[in-house]
Amino acid sequence: MVTSEHCGYNRPVAKKYEEKRDFSRTPEPPPRQPAEGGGPLTFVVQKHSARRLHYDFRLEVDGVLKSWAVPAGPSADSRVRRLAVMVEDHPLDYDSFEGVIPEGEYGGGQVIVWDRGTYSPDEGGRLFFDDREHAQEMMRGGLAQGKISVYLRGEKLKGSWTLVKTKRGDWLLIKHRDEYAQSEYDILDDGKSVISGLSIEDLKVGKTPDG
Ligand code: MN
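First residue of the sequence shown? That's 0 in this note's numbering, and the numbers climb one at a time after it.
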């Protein structure tokens, strides 16, 4: 089994992620010392056909991807609140993972990168794409308080979104009313990976990014 010791760090980064998986069996990336870049923080949304289809919404904070499973996926309609269940931190490398997790392994099923891009905390319209340190500080505060406003620059998800923690401990993902809010069509209708162009259905019939 690959452990964090073999990866050359001993910080408890994505420890739960590591404990849940056998990296000799899953193609998912083992956790490793994040090569934290400069530049804006990043986000990724994966579409994951596990026991139940869901979307995994992940925001880079302090060298990991803070992660929520969103069963019904994000909605661009600002009147719609989507349940988001916080799950274990994932390593930064996970932002480009797509493929098939073998049946019987944790999260067994198909995964595509449905969307990704950069983000900034949104403080009443003030954005911090060029101030990574301040952005992360704001994210730490938002996570602790259970209320996060972020501005997404993805290929599919754009503009301001809110994640708010409920009394029950779950979170809700809500599109903020802005120029990107809309209820004309369902943003989930586009089911293709922004990396490979493949859909979950493609992976199910054995297509791979390489053909
Ligand atoms: Mn998942």
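Backbone N, C-alpha and C fix where the C-beta goes; we use that ideal spot for every residue, glycine too.
For Gly103, the shortest C-beta to heavy atom distance toward the ligand MN is 7 Å or greater. With a cut-off of 7 Å, the C-beta of Gly37 is classified as distant from the ligand MN, since no heavy atom of the ligand falls inside that distance.
Secondary structure within the region 11-61: the beta strand (DSSP E) runs of 3 or more consecutive residues, fully enclosed, are 40-48, 52-60 (chain order). At least 8 Å separates the beta-carbon of Leu187 from that of Gly108. Between Glu27 and Gly98, the alpha-carbon positions lie close to 8 Å from each other. A check of alpha carbon separations from Glu17 across His89, Ile111, Asp201 identifies His89 as the nearest.
Here Glu59 has Leu40, Thr41 as same chain residues with Cβ atoms under 6 Å from its own Cβ, once five neighbours each way along the sequence are excluded. Distances from the CB of Asp88 to the heavy atoms of the ligand MN are all 7 Å or more. Around the ligand MN, the residues selected by a Cβ distance under 6 Å to any of its heavy atoms are His47, Ala49, His53, Asp55, Ala68, Gly106, following chain order. Taking a contact as a CB-CB distance under 8 Å, the pair Val163 and Pro120 does not count as one, their CB atoms being some 14 Å apart. Excluding the 5 residues flanking it on each side, Arg80 has same chain C-beta neighbours closer than 6 Å at Leu171, Ile173, in chain order. Between the alpha carbons of Glu136 and Val204 lies a distance of about 44 Å. When only Cα atoms are considered, Gly116 and Val44 end up about 9 Å apart. Here Leu151 has Phe42, Gly116, Tyr118, Lys157, Gly158, Trp160 as same chain residues with Cβ atoms under 7 Å from its own Cβ, once five neighbours each way along the sequence are excluded.
The Cβ atoms of Leu82 and Asp169 sit closer than 8 Å to each other. Each of Gly36, Phe22, Gly37 was checked against the Cα of Pro30, and the nearest Cα belongs to Phe22.
Setting aside the 5 residues that flank it on each side, Ile147 is surrounded in the same chain by Gly141, Leu162, each with a C-beta closer than 6 Å to its C-beta; the list follows chain order.
Here Glu122 carries a strand assignment [DSSP, helix/strand/coil]. If you compare the alpha carbons of Gly37, His47, Lys15, Arg24 with that of Phe128, the shortest gap goes to Gly37. Rounded to the nearest whole angstrom, the CA to CA distance from Phe96 to Leu202 is 13 Å.
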